[in-house]
Amino acid sequence: MPSQQAQISDLPSITTYLTGHNSSGKAIVEANRPANWTVYDNKEMAFNVAYTTSQFPPNLNDNTDIKTYDKVLSSGKLGLVNPNGTVCRTVDFAPGFECMMHRTQSLDYGIVIQGDIELVLDSGERQKMGPGDIAVQRATMHSWKNPSTDKWARMTFVLQDCEMLLVGGEVMKEDHGRGTEGLPMSGNDA
């Protein structure tokens with residue numbers, strides 16, 4: 017079962033800044049929220065959900081999107097993907113750690129922020145990525161490995177729901193793999 021706790025890596029802390037407007041229409045920072053980490057796989061991987069939307073396009077009027085985000089997050093039912101929406105998540109990977117082989121039914125942008133990462137595909141293909149590199153993950157079965165023996169690595173992901181993917185007549189369903197017990201299924205592949 018995952019647990020909420022303080023950051024486990026030695027990487028810089030994260031704060032999410034939510035902008036909005038004051039009564040005269042000028043841009044302001046409405047809120048700043050420190051990271052809230054969920055730890056998995058014997059403290060070798062941690063998630064921080066910076067933001068999520070639940071419809072496309074999002075409704076920003078009267079802070080509807082912020083209220084919905086707070087409700088989704090507090091429900092404890094957010095999977096890797098938010099059906100009909102997006103999820104912006106930062107993931108820290110311990111030295112030498114390779115996360116579970118998994119698939120989401122989503123189109124994801126995975127950006128390496130710090131350290132090196134290997135994208136590992138179920139075909140056996142591996143792609144080394146460094147800071148600033150971006151993987152466009154298109155509902156494939158994959159994992160991420162931190163090849164360093166002594167340094168944490170960090171990626172930020174933006175996941176967006178997608179149409180059901182069929183390959184050879186087979187639905188490519190969500191599959192969390194090992195180590196994510198307690199993480200709800202997204203429910204967008206039915």
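If you read the sequence shown in the working numbering, its first letter stands for residue 17, the second for the next number, and so on.
For glycine and all other residues, C-beta sits at the position ideal for the given N, C-alpha and C.
By DSSP, does residue i sit in helix, in strand, or in coil?
i: Asp138; result: coil
i: Asn77; result: helix
i: Thr84; result: helix
i: Ser25; result: coil
i: Leu34; result: strand
i: Ser159; result: strand
i: Leu181; result: coil
i: Leu123; result: strand
i: Leu89; result: helix
Residue i to residue j, Cα distance in whole Å?
i: Pro215; j: Pro163; result: With the chain covering only 17 through 206, there is no way to say anything about residue 215.
i: Thr120; j: Pro50; result: 27 Å
i: Asp191; j: Thr31; result: 30 Å
i: Pro99; j: Asn204; result: 5 Å
i: Gln143; j: Gly131; result: 14 Å
Counting only C-beta atoms, is residue i closer than 9 Å to chain D at any point?
i: Tyr67; result: As a matter of chain content, chain D is missing from the structure shown, which is built from one protein chain.
Subject >> Contact the segment 114 to 131 vs the segment 166 to 178: 3+ CB pairs below 8 Å >> reply: yes
Original post:
Looking at C-beta atoms only, is the number of pairs between the segment 89 to 97 and the segment 28 to 42 that lie closer than 8 Å three or more?
Top reply: In short, these stretches do not touch, since the Cβ pair count stays below three.
Original post:
Taking three-plus beta-carbon pairs below 8 Å as touching, is the segment 71 to 87 in contact with the segment 156 to 169?
Top reply: Contact check between the segment 71 to 87 and the segment 156 to 169: fewer than three CB pairs, one atom from each, fall below 8 Å, which does not count as touching.
Original post:
Would you say the segment 134 to 146 touches the segment 91 to 109, given that touching needs at least three Cβ pairs under 8 Å?
Top reply: Remark: fewer than three beta-carbon pairs, one from each stretch, lie closer than 8 Å, so the segment 134 to 146 and the segment 91 to 109 are not flagged as touching.
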